[in-house]
Amino acid sequence: MSQHVSFLAGIALLSALFCLGLDMPSHAADAADSRTSYRAYVDGPWGQVHVRVDGSSHAPTVILVHQMIWSSQQFRYAQQELSARGVRSIAVDLPGYGMSDGPPAPPTATEYAEVLLPVMRHFGLKATNLLGVNEGGTIVCAFAAAHPAMVKSLIIEGPVIVDSIGQAKYFSQPHEYQTPRPDGSHLEKLWRHLDSADTKISATLQSPAATKISVGGMQSILMSIFAAGPNGWFAQDAAYRYDLQDLLRRLKMPVMLLTYRGQQFQQAALDLETIRPDFSLQNLDWDGVAASYDAPAEWADAVANYLKSSHYGTAGGRSKTP
Amino acid sequence: MRRYFHVFALKLLCVSLLCGLAGPVARAGDGPRPYGAYIDGPWGQIHVRVAGKSTDPTVILVHMMVWSSEQFHFGQLALAQRGIRSIAIDIPGYGMSDGPPTLPNAYQYAESFVPVLRYFGLRSANFLGSNTGAAFIAAFADAHPDMVKSLILEGPTIWNAKDLADLVAGEYADEIPDADGRMVLNRPNAWFAHDAVFKFRMEPVLKRIRLPVMILTYPGQLLYRTAVRVNTMHPRFTLTVLDWNGAAPCFDAPELWADAVAKYIKQHP
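Going down the list, the sequences are from chains R and Z.
First residue of the first sequence? That's 1 in this note's numbering, and the numbers climb one at a time after it.
First residue of the second sequence? That's 1 in this note's numbering, and the numbers climb one at a time after it.
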């Protein structure tokens, strides 16, 4: 009889574990995942959130949030470089971009930031490092404001701090969607726009360098813009409405500002020294506009060094070289 | 005490079995919203888009070149409304699926359908392939007839020698981005699946196949005349000709396309 009961209980427990495994497409499975480079979907507030993962699950982890209008594709080369430097990265497609489902109405930056919760849960992360580029930087900061205990450190690549002139200029522009045209001229029009480097919002924030991006980068952005569709402006609007400067005065976790001459918001990053001298500053020797895509090794060196420093902010230090 | 434990174990077993039965179904998704998933395949991850209830008859959709499961974006919604679950595959190297390191043949491409069926707990399924996709599902049916309920060939890839030579000559350009933005693909191996199709001989396979087959075509289709001719050579195949002059009704006339597909699939649930 007791053997029968034990056998039954054993079968029941095995079945329960089997069933739990099936119903748990996520974190426990991924936490122990032996793969080092893969993609996955996570259930989020507006549908599925798409992520690209690179690196060992035992390595220090950073969540990467892209700029507008792009996707996790922005980090396709940088993730490999980070992995080679012993850092696991999880690049998120923000809702409505890349392969992630989008929200039905324009969210705030704080609402966008909440999407990082299910991502962290999926990977079994109670706290992690976050890196965001431009609009992505605003969103990781909004997350840090709402969930400070879940953030080990922040890397902000280009704080979207826009003066009133720049803000007014941004909001005076129509939300243009490149509606497909029969002759395909919408593709060329967008290509020329990207190639013109005339993407600055505020004259006061323009960097003096002639900013450029590689043709591969432009193509990746172009495809991301069309993938985002008519609502591609949602996250950009959210970032431009968010008072990032006020938040940056209050943040208490370690922060590194990552910038370079071609970075759209380089001056804003440099100006932060007066109000937050405790932030680390890493100023790369790079004239392009997307170091993560076009100079992934240099970019990854800076990010990995910071993440691996025992006390964030000391190993990286303030590097003002050019 | 032992009795209570016995009862507890029995309850746990019942709940577990119920969960176990529900598990794969729940994971496969019963919600009305389409979803994406990744499946481990022979060359990395295979990306699929799923729409429809897991309890509905299922069709695997395989796209034409050079496209992806996005080809069925609207067709899948229309199929779901008609009570058909569809699983659209990104062929390895296209869409979001990882690609092969070297040039595969059609049979090797077709093997990527095996883990997809396994993932969804399907021992067999209906298959629909469009142009290149038609070649790959025919190769799959040739290799694994027990895993196929029916085939819908939307454009059988059969050419005469001259047309084939012209196609081969024109398909091997590396579509790497140019500085002036002429190319919008950045997959230099985008010709792989085309090459596999050009080397695949579909006609002998169609002669061997004993499965239910529907030829789906329309005047706007590249292989319209071939489709009609194939049907005359294989009178046991069902021929459905849509009143559509475009080249991709699953994208541009999804309702019309889904009507024909759903009607046929429901004969092979």
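Note that the Cβ used here is the ideal one computed from N, Cα and C, for glycine as well.
Only a predicted model underlies this, so the values are computations on that prediction, with no experimental measurement involved.
Rounded distance between the beta-carbons of residue j and residue i, thought under 8 Å
{"i": "serine 214/R", "j": "aspartate 294/R", "result": "5 Å"}
{"i": "proline 106/R", "j": "aspartate 237/R", "result": "6 Å"}
{"i": "serine 71/R", "j": "glycine 98/R", "result": "3 Å"}
{"i": "leucine 74/R", "j": "glutamate 135/R", "result": "Checking the sequence, you will find glutamine at residue 74/R rather than leucine. With a Cβ gap of about 11 Å, glutamine 74/R and glutamate 135/R do not count as contacting."}
{"i": "valine 49/R", "j": "serine 100/R", "result": "5 Å"}
{"i": "glycine 155/Z", "j": "serine 130/Z", "result": "6 Å"}
{"i": "histidine 194/Z", "j": "methionine 65/Z", "result": "5 Å"}
{"i": "leucine 131/R", "j": "valine 303/R", "result": "6 Å"}
{"i": "asparagine 231/R", "j": "glycine 96/R", "result": "6 Å"}
{"i": "leucine 256/Z", "j": "leucine 242/Z", "result": "6 Å"}
{"i": "valine 261/Z", "j": "leucine 128/Z", "result": "6 Å"}
{"i": "isoleucine 275/R", "j": "arginine 249/R", "result": "6 Å"}
{"i": "serine 292/R", "j": "tryptophan 299/R", "result": "5 Å"}
{"i": "serine 69/Z", "j": "glycine 95/Z", "result": "5 Å"}
Extent of the continuous beta strand (DSSP E) to which residue i belongs
{"i": "histidine 63/Z", "result": "Histidine 63/Z -> no beta strand (DSSP E), and no H or E assigned at all."}
{"i": "asparagine 283/R", "result": "280-284"}
{"i": "isoleucine 155/R", "result": "151-157"}
{"i": "asparagine 129/R", "result": "128-133"}
{"i": "histidine 47/Z", "result": "44-51"}
{"i": "serine 97/Z", "result": "Here serine 97/Z belongs to no beta strand (DSSP E), and DSSP marks it neither H nor E."}
{"i": "methionine 214/Z", "result": "213-217"}
{"i": "threonine 61/R", "result": "61-65"}
{"i": "glycine 133/Z", "result": "Premise fails: glycine 133/Z lies in the alpha helix (DSSP H), 132-143, not in any beta strand (DSSP E)."}
{"i": "glycine 36/Z", "result": "35-41"}
{"i": "aspartate 43/R", "result": "37-44"}
Within 7 Å, strictly: CB atoms of residue i and residue j
{"i": "serine 150/Z", "j": "histidine 268/Z", "result": "yes"}
{"i": "phenylalanine 74/Z", "j": "phenylalanine 198/Z", "result": "no"}
{"i": "methionine 218/R", "j": "leucine 194/R", "result": "yes"}
{"i": "tyrosine 240/R", "j": "glutamine 167/R", "result": "yes"}
{"i": "serine 86/Z", "j": "glycine 36/Z", "result": "no"}
{"i": "threonine 125/Z", "j": "threonine 58/Z", "result": "This sequence places alanine at residue 125/Z; threonine is not what is there. Contact: yes."}
{"i": "serine 185/R", "j": "isoleucine 69/R", "result": "no"}
{"i": "tyrosine 224/Z", "j": "threonine 217/Z", "result": "yes"}
{"i": "arginine 88/R", "j": "serine 37/R", "result": "no"}
{"i": "valine 205/Z", "j": "alanine 138/Z", "result": "yes"}
{"i": "leucine 297/Z", "j": "alanine 78/Z", "result": "There is simply no residue 297/Z to check, as chain Z begins at 1 and stops at 269 in what is shown."}
{"i": "phenylalanine 237/Z", "j": "isoleucine 265/Z", "result": "no"}
{"i": "glutamine 71/Z", "j": "histidine 63/Z", "result": "yes"}
{"i": "tyrosine 38/Z", "j": "arginine 121/R", "result": "no"}
{"i": "serine 280/R", "j": "methionine 256/R", "result": "yes"}
Residue span of the alpha helix (DSSP H) that contains residue i, given as start and end
{"i": "leucine 251/R", "result": "Where leucine 251/R is concerned, there is no enclosing alpha helix (DSSP H), given that its DSSP letter is neither H nor E."}
{"i": "tyrosine 97/R", "result": "Segment: none, tyrosine 97/R is in no alpha helix (DSSP H) and carries neither H nor E."}
{"i": "aspartate 259/Z", "result": "254-265"}
{"i": "arginine 52/R", "result": "Arginine 52/R -> not in any alpha helix (DSSP H); beta strand (DSSP E) instead, spanning 47-54."}
{"i": "asparagine 231/Z", "result": "224-233"}
{"i": "aspartate 195/Z", "result": "192-199"}
{"i": "serine 164/R", "result": "164-172"}
{"i": "lysine 162/Z", "result": "161-170"}
{"i": "leucine 239/Z", "result": "No alpha helix (DSSP H) contains leucine 239/Z, which is instead part of the beta strand (DSSP E) from 238-241."}
{"i": "alanine 295/R", "result": "Segment: none, alanine 295/R is in no alpha helix (DSSP H) and carries neither H nor E."}
{"i": "alanine 80/Z", "result": "73-81"}
Given residue i as reference, the closest of the options once Cα atoms are compared
{"i": "tryptophan 43/Z", "options": "Thr232/Z, Ala165/Z, Pro101/Z", "result": "Pro101/Z"}
{"i": "tryptophan 233/R", "options": "Tyr170/R, Arg39/R, Asp43/R", "result": "Tyr170/R"}
{"i": "alanine 109/R", "options": "Ser220/R, Ala91/R, Val53/R, Leu244/R", "result": "Leu244/R"}
{"i": "glutamate 273/R", "options": "Pro159/R, Val53/R, Met120/R", "result": "Pro159/R"}
{"i": "alanine 247/Z", "options": "Thr157/Z, Gly93/Z, Pro219/Z, Leu211/Z", "result": "Pro219/Z"}
{"i": "leucine 94/R", "options": "Ala149/R, Lys252/R, Tyr41/R, Tyr240/R", "result": "Tyr41/R"}
{"i": "alanine 135/Z", "options": "Tyr107/Z, Arg123/Z, Leu79/Z, Leu167/Z", "result": "Tyr107/Z"}
{"i": "glutamine 173/R", "options": "Ile165/R, Ala84/R, Gly229/R", "result": "Ile165/R"}
{"i": "valine 50/Z", "options": "Asp90/Z, Trp67/Z, Gly41/Z, Met147/Z", "result": "Asp90/Z"}
{"i": "alanine 190/Z", "options": "Gly93/Z, Asp56/Z, Arg82/Z", "result": "Gly93/Z"}
{"i": "valine 148/Z", "options": "Asp163/Z, Leu167/Z, Val116/Z", "result": "Val116/Z"}
{"i": "methionine 202/Z", "options": "Gln71/Z, Thr132/Z, Pro104/Z, Leu103/Z", "result": "Thr132/Z"}
{"i": "aspartate 259/Z", "options": "Gly41/Z, Val230/Z, Gly83/Z", "result": "Gly83/Z"}
{"i": "valine 65/R", "options": "Gly44/R, Arg35/R, Asn129/R, Arg85/R", "result": "Asn129/R"}
{"i": "proline 60/R", "options": "Ile161/R, Arg192/R, Ile90/R, His147/R", "result": "Ile90/R"}
{"i": "asparagine 105/Z", "options": "Ala253/Z, Ala227/Z, Arg208/Z, Ala196/Z", "result": "Ala196/Z"}
{"i": "isoleucine 209/Z", "options": "Phe192/Z, Ala169/Z, Ile152/Z", "result": "Ile152/Z"}
{"i": "glutamine 264/R", "options": "Val53/R, Pro182/R, Ile161/R, Ala144/R", "result": "Ile161/R"}
Is the segment 133-144 of chain R touching the segment 103-123 of chain R, taking contact as three or more C-beta pairs under 8 Å?
-> Judged by Cβ distances under 8 Å, the segment 133-144 of chain R makes contact with the segment 103-123 of chain R, as three or more pairs qualify.
Counting Cβ pairs closer than 8 Å, one from the segment 138-146 of chain Z and one from the segment 103-119 of chain Z, do we hit at least three?
-> The segment 138-146 of chain Z and the segment 103-119 of chain Z touch, with no fewer than 3 CB-CB distances between them shorter than 8 Å.
Using 8 Å as the threshold, is the segment 149-167 of chain R in touch with the segment 74-84 of chain R, meaning 3 or more CB pairs across them?
-> Touching, no, given that fewer than three Cβ pairs across the two stretches are closer than 8 Å.
Using 8 Å as the threshold, is the segment 255-265 of chain R in touch with the segment 281-294 of chain R, meaning 3 or more CB pairs across them?
-> With a cut-off of 8 Å on Cβ pairs, the segment 255-265 of chain R is in contact with the segment 281-294 of chain R, counting three or more such pairs.
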